[in-house]
Amino acid sequence: MGNKQTRKRKKTLKAQSKKNKQINKTIKGDRKNEANTISILILGTGDSGKSTLIKQIQILYKDGFSEFEQEKYQKAICVNLKNNTKKLLQFCNMNGIDLLKKNRRIAEEYLSNVDVLNDSLTTEIVQSIQSLWKDPALKSAYSRRNEFTLPDSANYFFDRAGEIGKPDYEPSNMDILNCRIPTVGVRELNFSVRNEKWRIVDVGGQRSERRKWIHHFQDVDLLFFVVAMSEYNQKLFEDERINRLQESLTVFTKTLNDEYLQKKDCVLLLNKVDLFKEKLENFPLSNYFNEFKGENNFEESSEFLKNLFINSAPKNINSIVSHFTCGTDTNNIKEILSFIQNKTNEKYVSEVF
Ligand SMILES: Nc1nc2c(ncn2[C@@H]2O[C@H](COP(=O)(O)OP(=O)(O)OP(=O)(O)O)[C@@H](O)[C@H]2O)c(=O)[nH]1
Ligand SMILES: [Mg+2]
Numbered sequence: 001m002g003n004k005q006t007r008k009r010k011k012t013l014k015a016q017s018k019k020n021k022q023i024n025k026t027i028k029g030d031r032k033n034e035a036n037t038i039s040i041l042i043l044g045t046g047d048s049g050k051s052t053l054i055k056q057i058q059i060l061y062k063d064g065f066s067e068f069e070q071e072k073y074q075k076a077i078c079v080n081l082k083n084n085t086k087k088l089l090q091f092c093n094m095n096g097i098d099l100l101k102k103n104r105r106i107a108e109e110y111l112s113n114v115d116v117l118n119d120s121l122t123t124e125i126v127q128s129i130q131s132l133w134k135d136p137a138l139k140s141a142y143s144r145r146n147e148f149t150l151p152d153s154a155n156y157f158f159d160r161a162g163e164i165g166k167p168d169y170e171p172s173n174m175d176i177l178n179c180r181i182p183t184v185g186v187r188e189l190n191f192s193v194r195n196e197k198w199r200i201v202d203v204g205g206q207r208s209e210r211r212k213w214i215h216h217f218q219d220v221d222l223l224f225f226v227v228a229m230s231e232y233n234q235k236l237f238e239d240e241r242i243n244r245l246q247e248s249l250t251v252f253t254k255t256l257n258d259e260y261l262q263k264k265d266c267v268l269l270l271n272k273v274d275l276f277k278e279k280l281e282n283f284p285l286s287n288y289f290n291e292f293k294g295e296n297n298f299e300e301s302s303e304f305l306k307n308l309f310i311n312s313a314p315k316n317i318n319s320i321v322s323h324f325t326c327g328t329d330t331n332n333i334k335e336i337l338s339f340i341q342n343k344t345n346e347k348y349v350s351e352v353f
């Protein structure tokens with residue numbers, strides 16, 4: 001009896017020890033993988049283009065977007081389209097911008113009847129949106145969008161309202177890149193380039209999200225800081241008294257001063273270069289930044305903003321390089337990521353691998 005029990009115990013112990021060995025092997029494997037992975041953390045204020053970069057990585061180095069994601073973006077695109085129409089109409093009302101006579105009733109009905117979140121995008125709603133978007137009043141409100149909060153891609157979707165309203169509409173990659181969904185929480189993406197492993201972490205950039213950033217500082221190899229250059233004439237969504245680019249600069253300096261980020265390498269992505277170029281024609285940079293004394297052209301204005309950030313970078317970081325980017329342009333992002341990957345590999349491959 002006693003012998004039988006002892007044999008049973010020995011068998012259990014042996015099985016346990018085998019299991020422990022397996023667990024240790026897995027942990028060791030994970031650690032090895034971790035050590036071989038280059039970790040990037042993307043920071044920047046809300047709406048600067050951080051998640052758009054993650055979407056580009058999905059397109060470039062993964063299999064694009066899953067069915068679940070496509071459905072999520074399709075819903076968001078419809079809600080944003082309805083909501084942005086409402087925002088433009090409200091701005092017209094508040095600022096005494098008169099619509100064409102034929103659109104006044106459409107606008108009234110839209111404002112009182114359309115439930116942005118719950119109504120589906122019917123043919124009738126699409127027709128109203130198309131008619132309103134053609135109205136010079138809405139175009140005028142759109143050109144003054146720096147006075148209120150409207151996603152940068154609103155016009156892209158207004159122009160595609162007919163397509164979006166079709167029952168079999170499926171968002172293209174370009175639609176998804178342009179779709180705005182503010183990030184809440186954290187998203188991590190692992191990907192490989194030429195057999196090298198990378199991990200990229202995307203966080204929310206709005207004020208309420210920033211206190212979560214610190215939890216991700218410790219394991220960073222490379223920091224991306226994204227700035228929307230085109231924000232120079234916009235007010236902050238969270239506090240309309242504050243210039244958005246000024247907020248970005250404050251966050252940049254304060255964050256890079258953190259003790260955990262000392263001696264880190266930073267890539268400054270000066271994003272939304274397309275919108276920046278477009279805006280300069282009507283909104284010279286000197287109207288918003290008194291210190292800028294240059295000519296109102298892209299070269300001098302962009303150089304000023306670049307230096308504003310580079311010169312404000314704390315001395316304790318290891319290195320900082322900058323790139324002008326257009327987050328929605330896949331080729332542009334591919335080129336810049338390849339450049340960064342080559343440079344980073346030169347540094348980290350010898351250290352990490
Ligand atoms: N025109 C243009 N639009 C851009 C560019 N980069 C990003 N966008 C758009 O800007 C909007 C905001 O981009 P996101 O990537 O969601 O911004 P984010 O930094 O992740 O914002 P949070 O999640 O709130 O922190 C989206 O509608 C993008 O399509 C760009 O270079 N040019
Ligand atoms: Mg985001």
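Residue numbers (the UniProt record's numbering): 1 to 353.
For every residue, glycine included, the Cβ atom is placed at its ideal position computed from N, Cα and C.
The alpha-carbon of Leu-285 is positioned some 36 Å away from that of Leu-189. Judged by DSSP in its simplified three-state form, Glu-196 adopts strand.
Within 10 angstroms of the beta-carbon of Lys-50 lie 16 or more other beta-carbons, which makes it buried. By the beta-carbon neighbour count (other beta carbons within 10 angstroms, threshold 16), Leu-256 is buried.
Phe-68 and Thr-325 have their C-alpha atoms roughly 29 Å apart. Beta-bridge partners assigned by DSSP to Asn-190: Arg-199. Ranking Asn-290, Leu-88, Leu-280, Ile-97 by CA distance to the CA of Tyr-110 puts Leu-88 first. Near ligand 2, meaning a Cβ closer than 7 Å to any of its heavy atoms, lie the following residues in chain order: Lys-50, Ser-51, Pro-182, Thr-183, Asp-202, Gly-204, Gly-205. For Gly-46, the CB falls within less than 8 Å of some heavy atom of ligand 1.
The C-beta distance from Ser-131 to Ile-164 rounds to 15 Å, too long to fall under 8 Å, and the pair is not in contact.
Between Val-126 and Ala-161, the gap from beta carbon to beta carbon is short of 9 Å.
If you check the C-beta of Leu-268 against ligand 1, you find no heavy atom less than 8 Å away. The straight-line gap separating the alpha-carbon atoms of Gln-262 and Asp-221 is approximately 11 Å. In this structure, Ile-176 places its C-beta atom within 9 Å of the C-beta atom of Tyr-73. For Arg-104, the shortest separation between its Cβ and any heavy atom of ligand 1 does not lie below 8 Å. Runs of alpha helix (DSSP H) with 4 or more residues, each lying fully within the stretch 113-200, are found at 123-134, 136-143, 154-159, 161-164, 173-178, listed in chain order. The Cβ atoms of Cys-179 and Ile-59 lie no closer than 9 Å to each other.
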